[in-house]
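S.K.:
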Amino acid sequence: MISVVIADDEPLARDELIYLLKQCGDIKIVGEATQGAEALEKILTLKPDVAFLDIQMPNLDGLTVARKLLEEDPALMIVFATAYDKHAIQAFEVNAIDYLLKPFDEERVLKTVERIRQRVGDSKLDSQNETLNNSLVELLKKIAEDSVSTVAGQFQAPKISKLAVQGEESVILIDPKDILYVYRETRDVFIKTSSKVYSTKYTLQTLEEKLASYPFFRPHRSYLVNLNFVQELVPWFNGAYTLILNDEKRSEVPVSRAYVKALKDLLEI
77 MISVVIADDE PLARDELIYL LKQCGDIKIV GEATQGAEAL EKILTLKPDV AFLDIQMPNL
137 DGLTVARKLL EEDPALMIVF ATAYDKHAIQ AFEVNAIDYL LKPFDEERVL KTVERIRQRV
197 GDSKLDSQNE TLNNSLVELL KKIAEDSVST VAGQFQAPKI SKLAVQGEES VILIDPKDIL
257 YVYRETRDVF IKTSSKVYST KYTLQTLEEK LASYPFFRPH RSYLVNLNFV QELVPWFNGA
317 YTLILNDEKR SEVPVSRAYV KALKDLLEI
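According to the numbering used here, the sequence shown is numbered sequentially starting from 77.
What follows is the structure in structure tokens.
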């Protein structure tokens, strides 16, 4: 069996890829992750044959996760998943690292699995795998160091000055600096400022991308919080925490256990 860990913060995309991979009788999903820091920890712990990494994830992006993983285990096979086109992927093709474009195509996934099968079980390819992945490590380091004209730069969201939401009778322009947190209830997403709650048609994922240049953090699959308003980090139960904000109502935002380590690393605590 070929062991696989899948890291993607989009539940639908993750579930779709899991379904397609499970159609292959020799693929075993041994773990899932919803953000970069969690992916790094699980993959290093579970030591799968293959890691499927979404490029855009909270806390640590897929490029950073891949670089850190390959520095620890040069023989690990990595497949990138992304919604971006070939212009963002050419660098990976040069190093013979496979990738999947979203939405996933069943035939393309099967082709990826076939490539994996060819590498797994063929001892002659072990040194080739390490050579290719060592080249990828160098590539990812270069991407991380170059913030202007790199592949990584294509994934940085442009800084927005205002966020437009639909009010009762007009379009409201919100300054991102005024947003306390964003949250999701069932399928509805809301933006909370110190004075009002706004309903929005944006998804939480879209808002995370739009606010990427501001100090927002994903502490929970249903929340996005402005770290500038965080006043306290209070232990909750089962390893979870609660963030207390410094607004008049001392708003509370949950931190699920999966995101605690990334938050502590970010806050250097």
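Glycine included, C-beta positions come from ideal geometry on N, C-alpha and C.
Note that the structure is a prediction, hence the values are computed from the model and not measured.
Report all residues from its chain with a CB closer than 6 angstroms to the CB of A109; omit the five preceding and five following residues, and keep chain order.
M.R.: On the sequence shown, residue 109 is found 33 positions in, with the first residue counted as 1. These residues qualify, in order along the chain: A83, A115, K118.
S.K.: Count the other C-beta atoms from every protein chain shown that fall within 10 angstroms of the C-beta of Y95, then say buried if there are 16 or more, exposed otherwise.
M.R.: Counted from its first residue, the sequence shown places residue 95 at position 19. Looking at its Cβ environment, which holds fewer than 16 other Cβ atoms inside 10 Å, Y95 is exposed.
S.K.: Helix, strand or coil for E240? Go by DSSP, reduced to three states.
M.R.: Position 164 of the sequence shown holds residue 240. It is Ala, not Glu, that sits at residue 240 in the sequence shown. Note: A240 maps to strand in three-state DSSP.
S.K.: Identify every residue that forms a DSSP beta bridge with G107.
M.R.: One-based indexing of the sequence shown puts residue 107 at position 31. DSSP lists V81 as partners of G107.
S.K.: Would you report the Cα separation of K325 and L120, rounded to the nearest angstrom?
M.R.: Residue numbering aside, residue 325 sits at position 249 when the sequence shown is read from its first letter. Residue numbering aside, residue 120 sits at position 44 when the sequence shown is read from its first letter. Taking the straight line from one Cα to the other gives about 41 angstroms.
S.K.: Considering only DSSP beta bridges, list what N302 is partnered with.
M.R.: Counting from one through the sequence shown, the residue named residue 302 turns up at place 226. In DSSP, N302 forms a bridge with F292.
S.K.: Are the Cβ atoms of F156 and E92 separated by less than 7 angstroms?
M.R.: To locate residue 156, count along the sequence shown from 1; it is residue 80. To locate residue 92, count along the sequence shown from 1; it is residue 16. Contact flag unset, no.
S.K.: Apply the 10 Å Cβ neighbour rule to T262 and answer buried if 16 or more other Cβ atoms are within range, or exposed otherwise.
M.R.: Taking the first residue of the sequence shown as position 1, residue 262 is located at position 186. Classification of T262: exposed, given that the 10 Å Cβ count is below 16.
S.K.: So what's D264 in DSSP terms, helix, strand or just coil?
M.R.: For the purposes of this step, residue 264 is identified with residue 188 of the sequence shown, where counting begins at 1. D264 falls in the strand class under three-state DSSP.
S.K.: Determine which residues share a DSSP beta bridge with A157 and list them.
M.R.: Here residue 157 refers to the residue found at position 81 when the sequence shown is read from its first residue. Looking at the DSSP assignment, A157 forms a beta bridge with D130, L176.
S.K.: Roughly how many whole angstroms lie between the Cα atoms of E147 and V141?
M.R.: Locating residue 147 in the sequence shown gives position 71, counting from the first residue. Locating residue 141 in the sequence shown gives position 65, counting from the first residue. C-alpha separation (whole angstroms): 10 angstroms.
S.K.: Residues bridged to Y274 by DSSP?
M.R.: By 1-based counting over the sequence shown, the position of residue 274 is 198. Y274 is bridged to I267.
S.K.: I'd like the span of the alpha helix (DSSP H) that includes P346, first residue to last.
M.R.: No information on residue 346 is available, as it lies outside the stretch 77 to 345 that the chain covers here.
S.K.: Can you tell me whether T188 is helix, strand or coil according to DSSP?
M.R.: Counting from 1 along the sequence shown, the entry for residue 188 is found at position 112. It is helical.
S.K.: I'd like the span of the beta strand (DSSP E) that includes V329, first residue to last.
M.R.: The residue you call residue 329 lines up with position 253 of the sequence shown. Here the beta strand (DSSP E) through V329 covers 328–331.
S.K.: Residues bridged to E308 by DSSP?
M.R.: By one-based count along the sequence shown, residue 308 stands at place 232. According to DSSP, E308 bridges with I320.
S.K.: Among E284, V301, T276, Y317, which residue has its Cα nearest to the Cα of D323?
M.R.: Residue mapping note: residue 323 aligns to position 247 of the sequence shown, counting from 1. Comparing Cα positions, the closest option is V301.
S.K.: Tell me, which residues are paired with Y259 by DSSP?
M.R.: Along the sequence shown, one-based indexing puts residue 259 at 183. According to DSSP, Y259 bridges with F266, Y299.
S.K.: Measure the C-alpha to C-alpha separation of Y257 and S327 and round it to an integer number of angstroms.
M.R.: As a working note, residue 257 is residue 181 in the sequence shown. As a working note, residue 327 is residue 251 in the sequence shown. Going by the C-alpha atoms only, they are around 9 angstroms apart.
S.K.: With a threshold of 16 other CB atoms inside 10 Å of the CB of P87, please say whether the residue is buried or exposed.
M.R.: Along the sequence shown, one-based indexing puts residue 87 at 11. Classification of P87: exposed, given that the 10 Å Cβ count is below 16.
S.K.: Could you name the residues of the same chain whose beta carbon sits closer than 7 angstroms to that of M77, not counting the 5 residues immediately before and after it, in chain order?
M.R.: Here residue 77 is taken as the residue at index 1 of the sequence shown, counted from 1. Closer than 7 angstroms at the Cβ level, and outside the excluded window around M77, lie D102, K104.
S.K.: Got a sec? Which residues, its chain only, sit under 7 angstroms from F305 by beta carbon, not counting five neighbours each side?
M.R.: Along the sequence shown, read from residue 1 onward, the residue named residue 305 stands at position 229. Result list for F305: L256, L321, N322, D323, in chain order.
S.K.: Using 8 angstroms for Cβ pairs, my map puts P295 next to V331. What's the rounded Cβ distance?
M.R.: Taking the sequence shown and counting its residues from 1, one reaches residue 295 at position 219. Taking the sequence shown and counting its residues from 1, one reaches residue 331 at position 255. 4 angstroms between Cβ atoms; contact.
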